[in-house]
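Heads up, the thing below is written out as structure tokens.
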Amino acid sequence: MSVNITLPPTNQLSGPEDSELESSSDGTQEEETFSDWVDEDDAPTKSLFDETILPSALKAVAHDKEAHGVDIVELGNNLKLDFLKRVRLINYIRKSQSPPAEILALKADNPLFSDDAHLRPVVEDDPLLLLGNDEWSDDEDDKLGDNKKIAEMEQEFEKIRVRFEDLGRRVPELLSESETPQEMVASTSSEVAPTKPRDDDTHYFDSYSYNEIHAVMIQDSVRTSSYATFILSNPQIFKDAVVMDVGCGSGILSMFAARAGARKVFAIEASGIGLKAEQNFKDNGYEDTITLIRDKVENISLPEGYTHVDVIISEWMGYCLLYESMLDSGFTMSSMAKEVYDDALIEVVSADAVLTNDDLIKDIPIQRVTRKNLDFSSPFVLTASRPGKAHALLLYFDTWFTTDGADVPPDAEPTIAKGEGDVVTTDVLQIKARPDLVARRKSSMGPLRKKSMTGQEFIKDGKEVSFSTGPASMPTHWKQTLFLFRNPVDLKEGTCVSGRLHIRKSETNSRELDAEIHFKVQHPDLHTKELTPAKETVVQSYKIR
Numbered sequence: 001m002s003v004n005i006t007l008p009p010t011n012q013l014s015g016p017e018d019s020e021l022e023s024s025s026d027g028t029q030e031e032e033t034f035s036d037w038v039d040e041d042d043a044p045t046k047s048l049f050d051e052t053i054l055p056s057a058l059k060a061v062a063h064d065k066e067a068h069g070v071d072i073v074e075l076g077n078n079l080k081l082d083f084l085k086r087v088r089l090i091n092y093i094r095k096s097q098s099p100p101a102e103i104l105a106l107k108a109d110n111p112l113f114s115d116d117a118h119l120r121p122v123v124e125d126d127p128l129l130l131l132g133n134d135e136w137s138d139d140e141d142d143k144l145g146d147n148k149k150i151a152e153m154e155q156e157f158e159k160i161r162v163r164f165e166d167l168g169r170r171v172p173e174l175l176s177e178s179e180t181p182q183e184m185v186a187s188t189s190s191e192v193a194p195t196k197p198r199d200d201d202t203h204y205f206d207s208y209s210y211n212e213i214h215a216v217m218i219q220d221s222v223r224t225s226s227y228a229t230f231i232l233s234n235p236q237i238f239k240d241a242v243v244m245d246v247g248c249g250s251g252i253l254s255m256f257a258a259r260a261g262a263r264k265v266f267a268i269e270a271s272g273i274g275l276k277a278e279q280n281f282k283d284n285g286y287e288d289t290i291t292l293i294r295d296k297v298e299n300i301s302l303p304e305g306y307t308h309v310d311v312i313i314s315e316w317m318g319y320c321l322l323y324e325s326m327l328d329s330g331f332t333m334s335s336m337a338k339e340v341y342d343d344a345l346i347e348v349v350s351a352d353a354v355l356t357n358d359d360l361i362k363d364i365p366i367q368r369v370t371r372k373n374l375d376f377s378s379p380f381v382l383t384a385s386r387p388g389k390a391h392a393l394l395l396y397f398d399t400w401f402t403t404d405g406a407d408v409p410p411d412a413e414p415t416i417a418k419g420e421g422d423v424v425t426t427d428v429l430q431i432k433a434r435p436d437l438v439a440r441r442k443s444s445m446g447p448l449r450k451k452s453m454t455g456q457e458f459i460k461d462g463k464e465v466s467f468s469t470g471p472a473s474m475p476t477h478w479k480q481t482l483f484l485f486r487n488p489v490d491l492k493e494g495t496c497v498s499g500r501l502h503i504r505k506s507e508t509n510s511r512e513l514d515a516e517i518h519f520k521v522q523h524p525d526l527h528t529k530e531l532t533p534a535k536e537t538v539v540q541s542y543k544i545r
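Heads up, the sequence shown is in the UniProt record's numbering, so the first residue is 1 and it goes up one at a time.
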């Protein structure tokens, strides 16, 4: 579904981006759109002008007003800033560290409010960027809106009261025509069955019970050889360790771990393919080392004599990275379903078909990610490197296997695997020691990894492996996720496509994703090369399942 929103002239007070973020792609009411994605829970928020951390965004606003004389909400209202201009203002303050007096002196025509470089968050998931329109609106407007809502509620209540009284008059008449009240209650209670919990698992696990999907994944040489290279090149991690393989499938990763010296491997698999995995273990002489547990990882208990594991391995990545929600319980399954429906397509795109730069929209450190972080809204800014007609936005992921648990810098380049013939083994990326690692480990979060429960030191040295699923690398079974435009976009060299990507778990199936993209197109002026104002904002929704 999509909708084009025509933007008003730039001298009008209301901002086009406000409409953009509050509009759904099919014109339905607000509760059916992505406008409810902002989590209302309090989130720790850093002051704009000092190092103080406040319990919530609103308390951070109050702190800055009292301590520094800057009420960021009042300033935004006075300057008539729309949503994206507020985002630019907050990111500008955080990046420039400008003094309060300089911020208070800003005018509405300051170039910073049109500079899309300030759309990139300085602080990831900055709660100040997620302040709703209610917090930014004028008090008088709030009062008028509240009064209108109260009047509408009173009218609706009166309609309900009239209908209820009418129904009360008709009940005796209806009962006399059919059955007594006691009979009606008895028949009703016997017919109403308890609501069954929604089953998102049966079809999912059934889809992994056949050989074909596992053959596809094993034959994905980038995937399989990357896991093999990391596990077999770092035996110091697996030697004498107790390993859990979550969603073992055919058992290939479990056997890699056993070959690397694991003392015991618990292979978790809820689908029927687990029986074939168990036979694979026997055929390769690992039946004493690897034990199959047929259940969901959320439901299992370790066999007697084991209270913990030292290493967890899993191939959890899905189409669009997060499809199937494999991280919600730590892990739930490793591989991908067979088909994707609706507007989001899973296809291989060649590098020469890409017209713009790429832009990082989300970094997911799985050693500490939370379920809340997996529903997100991120800005993007793409600039065309050559003229052409764009038919879609393309999404892919890069991944790293590290031995020390440290964060990978956002600008780190993954290994780009190049295929030669039918047999391809991905290269190994040897990441050198990062100077910022020591400082990062002294942060308030503490070390990401210290010791295992057995007291074993985690390995700092060893090979680190990475790969990319992007168009520059040889194709993988993940391919890339394409969000097709209803209407292709004509690009000139220097054209800017900017907007926001929203991704969240589907409300109807916890293993599926909903996505919505809001974007505008700005072309460079023929003479000045400055970007011209966008004429409209396009909003389009997608299902990933």
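Note that beta-carbon positions come from the ideal geometry of N, C-alpha and C, so glycine has one too.
Bear in mind that the values here come from a model prediction, so they are computed numbers and not experimental data.
query: Excluding the 5 residues flanking L48 on each side, which residues of the same chain have their C-beta closer than 6 Å to its C-beta?; result: D64 and I93
query: Where does S541 sit, in a helix, a strand or coil, going by DSSP?; result: strand
query: Could you check the C-alpha separation between T532 and D82 for me, to the nearest Å?; result: 18 Å
query: May I ask you to report which of helix, strand or coil DSSP gives P99?; result: coil
query: Note down the Cα distance separating K276 from N299, rounded to an integer number of angstroms.; result: 21 Å
query: Going straight from the alpha carbon of G274 to that of V246, what length do you get?; result: 12 Å
query: Sorted by chain position, which residues of the same chain lie with C-beta nearer than 6 Å to V61's C-beta, five sequence neighbours on each side aside?; result: I72 and V73
query: Let's see if you can read the secondary structure: which residues bound the alpha helix (DSSP H) around R371?; result: It is not in any alpha helix (DSSP H) - R371 carries neither H nor E in the DSSP assignment.
query: Is the beta carbon of G494 less than 8 Å from the beta carbon of A390?; result: no
query: Do you know offhand how far P410's Cα is from G470's?; result: 16 Å
query: Which first and last residues belong to the alpha helix (DSSP H) in which N487 is found?; result: Here N487 belongs to no alpha helix (DSSP H); instead the beta strand (DSSP E) covers Q480 to L491.
query: If we count Cβ pairs, one from each stretch, closer than 8 Å, do we get three or more for the stretch 512-528 versus the stretch 496-503?; result: yes
query: On the DSSP bridge assignment, give the partners of Q522 in chain order.; result: C496
query: Using the Cα positions of F238 and E530, report the straight-line distance between them to the nearest angstrom.; result: 56 Å
query: Within its chain, find whatever has a CB closer than 8 Å to the CB of E124; leave out the 5 residues flanking it on each side and keep chain order.; result: D363
query: If we count the other Cβ atoms within 10 Å of its Cβ and call it buried at 16 or more, is L322 buried or exposed?; result: Reliability of the predicted coordinates at L322 is poor, the pLDDT of 42 falling under 50, and the value obtained from them is presented with this limitation in mind. Counting Cβ neighbours within 10 Å, L322 comes out buried, since at least 16 surround it.
query: Do P379 and R86 have their beta-carbon atoms positioned less than 8 Å apart in this structure?; result: no
query: Under 8 Å between C-beta atoms, does L48 make it to chain D?; result: No chain D is present in this structure, which holds just one protein chain.
query: Assuming H391 is part of the beta strand (DSSP E), what are its boundary residues?; result: G388 to L395
query: Could you check if L482 is buried or exposed, using at least 16 other CB atoms within 10 Å of its CB as the buried criterion?; result: buried
query: Given R294, which residues of its chain have a CB within under 7 Å of its CB, disregarding the five upstream and five downstream residues?; result: E269, A270 and G274
query: I need the DSSP call for M153, collapsed to helix, strand or coil.; result: helix
query: Once DSSP output is grouped into helix, strand and coil, what is the label at P55?; result: coil
query: Can the beta-carbon of I313 be found less than 8 Å from the beta-carbon of A257?; result: yes
query: Within this structure, are the beta carbons of S226 and F467 separated by less than 8 Å?; result: yes
query: Bridge partners of M244, per DSSP?; result: F266 and I312
query: By a C-beta neighbour count over all protein chains shown, 10 Å radius and 16 as the cutoff for buried, is V348 buried or exposed?; result: exposed
query: Do you know offhand how far F113's Cα is from L393's?; result: 25 Å
query: Tell me whether the beta-carbon of E516 lies closer than 8 Å to the beta-carbon of H502.; result: yes
query: Check this for me: beta carbons of P235 and G261, under 8 Å apart or not?; result: yes
query: Determine the direct distance from the alpha carbon of F266 to that of G305, and round the result to whole angstroms.; result: 13 Å
query: DSSP beta-bridge partners for T291?; result: F266
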